[in-house]
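Student: Sequence order for the protein chains is A and B. To convert, count from 1 in the first sequence and add 618; that's our numbering. To convert, count from 1 in the second sequence and add 618; that's our numbering. Backbone N, C-alpha and C fix where the C-beta goes; we use that ideal spot for every residue, glycine too. Below you'll find the structure I mean.
Protein chains: 2
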Amino acid sequence: MKKTVALTADRPTGKLHLGHFVGSLKNRIELQHECDQYIMIADTQAFTDYFEQPQLVIDNVLEVAADYLAVGLDPNLSTIFIQSRIPQLCELTMYYMNLVSVARLQRNPTVKAELVHKNFGPSVPVGFLCYPVSQAADITAFGTEIVPVGEDQLPMLEQTNEIVRRFNRIYNTNCLKEAHARLGKTKRLTGIDGKAKASKSLNNAIFLSDAPGVIKEKVYAMFTDPHHLKVSDHGRVKGNVVFEYLDAFYDNAEELSSLKAQYKKGGLGDITLKSLLNDTLQELLLPIREKRSHLSRKNLLEICMDGTQKAETVAKMTLNEVKKSMGINYF
Amino acid sequence: MKKTVALTADRPTGKLHLGHFVGSLKNRIELQHECDQYIMIADTQAFTDYFEQPQLVIDNVLEVAADYLAVGLDPNLSTIFIQSRIPQLCELTMYYMNLVSVARLQRNPTVKAELVHKNFGPSVPVGFLCYPVSQAADITAFGTEIVPVGEDQLPMLEQTNEIVRRFNRIYNTNCLKEAHARLGKTKRLTGIDGKAKASKSLNNAIFLSDAPGVIKEKVYAMFTDPHHLKVSDHGRVKGNVVFEYLDAFYDNAEELSSLKAQYKKGGLGDITLKSLLNDTLQELLLPIREKRSHLSRKNLLEICMDGTQKAETVAKMTLNEVKKSMGINYF
């Protein structure tokens, strides 16, 4: 039986961290057994706002691939590929760009939020404004049926499906498929500073490849409860990053529950908790780091090449259908 | 010695007419002996505003190719190719889109004028807004050095050169070349109604492939001098379309000059003039139509395929250089 097609992607602008792990990687490790899973290293998209820092993007392509393999994504089950190596995605983007108005892109809530966040002002590159169109190309190229996303990404998927419907209507075809969001399993992880989502750019994340000493340092620097000064003080669990991470990574729910009660009542020190979290994370990340250390550049390139070749074959078929529908398959 | 590279293009939204003939085709027939000339049938660009009329674009691709050959463009001297068959142009466009702001495109005088003309309003497709970026891809892909254009197209070339300079600076390369306009030889031809530039959409043009009866009908319907009612009346030469066409197509300058004098003074009828113009145009267009009638679909496809293959080889080299400069030539 034909498996459902799923697509996910990461922009190679940094190594992956624990936020990616709980937010999407764990999910993908399961998904690869259930779906025909495509995982895209979105270098072309990264260039829409990192075009002046090419080295950062380039360097992280293989780092992200290494993170994928290290956490257990299996290239025999998941097609890992590099966006810029699939020229069909650019061709699809060009044709889809005719079906989307400038005003529609400017109204897209995700784009709007990012424009503010990135502080582009009127100098926003047209490539950045168009990245939802490019995403529509990515999604449709592989006949994607489900896209695991966070709520904030729903407008992007809506944009894709609008393009799909418009294309199919204008060119009287059903060659493009609408994709569905798979919400729910995606979680967010707060940064160690307790201020925002863990992210590379805010420098508040624990990376999957961090050395043991770095992990420990970050855990011990974590934001807890600023009013919990003495061990005997009452402590707050809510907003306490150490507890958030224990919730995400510590398996013994019963023990965790009793630790929370104790912390609230007073008598449990931050150091004890941080030591527990450190042990937990060291245990989680040791085999990932180990596996990562055995991956050679040659290895990673080969895996990316194989995946890219497989992905291109599928994208080529979609593009052929698209061109046939438009009538531009002259020879 | 390496020849200078020239690029020109036509959007396949109609057959070519006398306006194209004096405005660019005659020029290209000379240019092909002097330059390494690329001639692009711009179907992808036509789709930026004709995306809802695919059949119109598709049907005219080979019609335009037929017009090229009929007027004497020689596929052994000029590389005639179809834009949508060169995927590298889409890839280049995607990378260049990061180097151009939305505001910059909206300020482009040519785009601004066309937005008004086409009455898009806020629903302008982003593909249309971006067509100057796509033109930059077309121009740079072939290492184009000269672009024969009308004055109204100068802002497009300026946009291309801005992209070239920005790309070369950011990626520390000189792989992209600035292109220069070749102004001067391009002329405009008024429509037979005397109202505007001859164009397919205004239905006021004489097509290169028009049948003798149609040519005659159009010539006899031409706008002359509305106050020149009787043969003996004084006539106006300025704004008189018949004289404009005689200026463009009648070789005997001395005789034409005396006809103008006679017309101004009175005593020369419109019918006499129109008969002369009709004979002139019939003589010009007969061999073109003849040559056109011997071109089979198979013939035309083969010529387009050959040209496209040659053009793609060159575009591929440019794209490779571009990717190498950006550092995204992973394997």
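1) Can you name the residues that DSSP bridges to residue 621(A)?
2) Which stretch, first to last residue, makes up the alpha helix (DSSP H) that contains residue 658(A)?
3) Which chain A residues are close to residue 670(B), counting only those with a beta carbon under 7 Å from its beta carbon?
4) Indicate whether the contact test is met: 3 or more Cβ pairs, each with one atom in the stretch 926-945 of chain B and one in the stretch 646-657 of chain A, closer than 8 Å.
5) Three-state secondary structure (DSSP) at residue 700(B)?
6) Just tell me which of 912(A), 853(A), 782(A) has its CA closest to the CA of residue 883(A).
7) Any idea what DSSP makes of residue 719(B), helix, strand or coil?
8) Inspect the beta-carbon positions of residue 786(A) and residue 792(A) and report whether they are closer than 7 Å.
9) Skipping 5 residues on each side, what residues in its chain have a beta carbon closer than 8 Å to that of residue 743(A)?
10) Where do the N-terminal and C-terminal ends of the beta strand (DSSP E) with residue 824(B) fall, by residue?
11) Spell out whether any CB of chain B is found under 7 Å from the CB atom of residue 716(A).
12) Assuming residue 783(A) is part of the alpha helix (DSSP H), what are its boundary residues?
13) Any beta carbon of chain B sitting closer than 7 Å to that of residue 913(A)?
14) With DSSP as the reference, label residue 924(B) as helix, strand or coil.
15) Taking 7 Å as the cut-off, decide whether the C-beta atoms of residue 844(A) and residue 944(B) are in contact.
16) What does residue 923(B) touch in chain A if you count any residue whose Cβ is under 7 Å from its own?
17) Under 8 Å Cβ to Cβ from residue 851(A), same chain only, skipping five residues before and after it: list those, please.
18) How many angstroms separate the CA atom of residue 663(A) from the CA atom of residue 752(A)?
19) On a CA-only basis, which of 807(A), 915(A), 949(A) is nearest residue 860(A)? Give me that one, please.
20) Taking contact to mean at least 3 C-beta pairs separated by less than 8 Å, is the stretch 679-687 of chain B in contact with the stretch 725-735 of chain B?
21) What does a CB cutoff of less than 6 Å around residue 798(A) pick up in its chain, not counting 5 residues either side in sequence?
22) Determine the closest residue to residue 824(B) out of 858(B), 896(B), 872(B), 713(B), with distance taken between C-alpha atoms.
23) Assign residue 883(A) to one of three DSSP states: helix, strand, or coil.
24) Hey, is residue 734(A) close to the ligand ZN, as in C-beta under 6 Å from one of its heavy atoms?
25) Is the separation between the beta-carbon of residue 717(A) and that of residue 784(A) shorter than 7 Å?
26) Would you verify that the beta carbon of residue 721(A) is, or is not, closer than 7 Å to some beta carbon of chain B?
27) Terminal residues of the continuous beta strand (DSSP E) containing residue 765(B)?
28) Since residue 910(B) is in the alpha helix (DSSP H), which residue starts that stretch and which ends it?
29) Verify the CB distance criterion: does residue 665(A) have a CB-CB separation below 7 Å to chain B?
30) When we look at the beta-carbon of residue 821(B) and count the other beta-carbons within 10 Å, is it buried (16 or more) or exposed?
31) Report the rounded CA-to-CA distance for residue 915(A) versus residue 675(A), giving the unit in angstroms.
32) Establish whether the CB of residue 750(B) and some CB of chain A are separated by less than 7 Å.
33) Relative to chain B, which residues along the stretch 812-828 of chain A have a C-beta separation below 9 Å, given in chain order?
34) CB residue 617(A) to CB residue 689(A), shorter than 7 Å?
35) For residue 810(A), I'd like the list of residues in its chain whose CB is within less than 8 Å of its CB, leaving aside the five on either flank, ordered along the chain.
36) Since I believe residue 826(A) is in contact with residue 639(A) (beta carbons under 8 Å), could you give me their beta-carbon distance rounded to a whole number of angstroms?
Tutor: By the coordinates alone:
1) Against the first sequence, residue 621(A) aligns to sequence position 3. According to DSSP, which records beta bridges pairwise, residue 621(A) is partnered with nothing at all.
2) As a working mapping, residue 658(A) is identified with position 40 in the first sequence. First-last for residue 658(A): 654-659, but that is the beta strand (DSSP E), not the alpha helix (DSSP H).
3) Here residue 670(B) refers to the residue found at position 52 of the second sequence. Close partners of residue 670(B) in chain A (Cβ separation under 7 Å): 788.
4) Touching, no.
5) For the purposes of this step, residue 700(B) is taken as residue 82 along the second sequence, with counting starting at 1. Strand at residue 700(B).
6) Position 265 of the first sequence, counted from the start, is the residue given in the question as residue 883(A). Of 912(A), 853(A), 782(A), the residue nearest in Cα terms is 853(A).
7) In the second sequence, counting from the first residue as 1, residue 719(B) sits at position 101. Strand at residue 719(B).
8) Against the first sequence, residue 786(A) aligns to sequence position 168. Against the first sequence, residue 792(A) aligns to sequence position 174. Residue 792(A) is positioned such that its CB atom lies closer than 7 Å to that of residue 786(A).
9) Translated into positions along the first sequence, residue 743(A) becomes position 125. So the list reads 666, 667, 669, once near-sequence residues are dropped.
10) What you label residue 824(B) is simply residue 206 of the second sequence in a count that begins at 1. Careful: residue 824(B) lies outside any beta strand (DSSP E) and carries neither H nor E.
11) Within the first sequence, the letter at position 98 stands for residue 716(A). Yes, residue 716(A) lies at the interface with chain B (some Cβ there is under 7 Å from its Cβ).
12) Against the first sequence, residue 783(A) aligns to sequence position 165. Where residue 783(A) is concerned, the enclosing alpha helix (DSSP H) starts and stops at 772-788.
13) Along the first sequence, one-based indexing puts residue 913(A) at 295. When Cβ-Cβ separations below 7 Å define contact, residue 913(A) makes no contact with chain B.
14) By one-based count along the second sequence, residue 924(B) stands at place 306. Three-state result, residue 924(B): helix.
15) As a position in the first sequence, residue 844(A) is number 226, starting the count at 1. As a position in the second sequence, residue 944(B) is number 326, starting the count at 1. No, the pair does not count as a contact, with Cβ atoms beyond the cut-off.
16) Translated into positions along the second sequence, residue 923(B) becomes position 305. What residue 923(B) touches in chain A: 949.
17) Sequence index remark: in the first sequence, residue 851(A) carries index 233 (1-based). If we look at residue 851(A) and ignore the five residues flanking it on each side, its Cβ neighbours are 845, 884.
18) On the first sequence, position 45 is the one that residue 663(A) refers to. On the first sequence, position 134 is the one that residue 752(A) refers to. Distance between the alpha carbons of residue 663(A) and residue 752(A) is about 8 Å.
19) Here the question's residue 860(A) lines up with position 242 in the first sequence. Of the listed residues, the one whose Cα sits closest to residue 860(A) is 807(A).
20) Touching, no.
21) Here the question's residue 798(A) lines up with position 180 in the first sequence. Hits under 6 Å: 764.
22) Counting from one through the second sequence, the residue named residue 824(B) turns up at place 206. Proximity to residue 824(B) across 858(B), 896(B), 872(B), 713(B) peaks at 896(B), based on C-alpha coordinates.
23) Counting from 1 along the first sequence, the entry for residue 883(A) is found at position 265. Helix, per DSSP.
24) The ligand ZN is absent from the structure shown, which contains no ligand whatsoever.
25) Looking up residue 717(A) in the first sequence gives position 99. Looking up residue 784(A) in the first sequence gives position 166. Result yes, Cβ atoms of residue 717(A) and residue 784(A) sit closer than 7 Å.
26) Numbered from 1 along the first sequence, position 103 holds the residue referred to as residue 721(A). By the rule that beta-carbons nearer than 7 Å mark a contact, residue 721(A) touches chain B.
27) Within the second sequence, the letter at position 147 stands for residue 765(B). Run containing residue 765(B): 764-766, per the beta strand (DSSP E) assignment.
28) Numbered from its first residue, the second sequence carries residue 910(B) at position 292. Start and end: 888-911.
29) Against the first sequence, residue 665(A) aligns to sequence position 47. Yes, contact with chain B.
30) Taking the first residue of the second sequence as position 1, residue 821(B) is located at position 203. Residue 821(B) should be labelled exposed.
31) Indexing the first sequence from 1 puts residue 915(A) at position 297. Indexing the first sequence from 1 puts residue 675(A) at position 57. Their Cα atoms are separated by approximately 16 Å.
32) For the purposes of this step, residue 750(B) is taken as the residue at position 132 of the second sequence. Judged by the 7 Å Cβ criterion, residue 750(B) is not in contact with chain A.
33) The residues in question: there are none.
34) Since the first residue of chain A shown is 619 and the last is 949, residue 617(A) is not available in this structure.
35) Position 192 of the first sequence holds residue 810(A). 816, 822, 823, 824, 836, 837, 839, 840, 841, 859.
36) Position 21 of the first sequence, counted from the first residue, corresponds to residue 639(A). Position 208 of the first sequence, counted from the first residue, corresponds to residue 826(A). That belief holds up - the Cβ atoms of residue 639(A) and residue 826(A) are roughly 6 Å apart, short of 8 Å.
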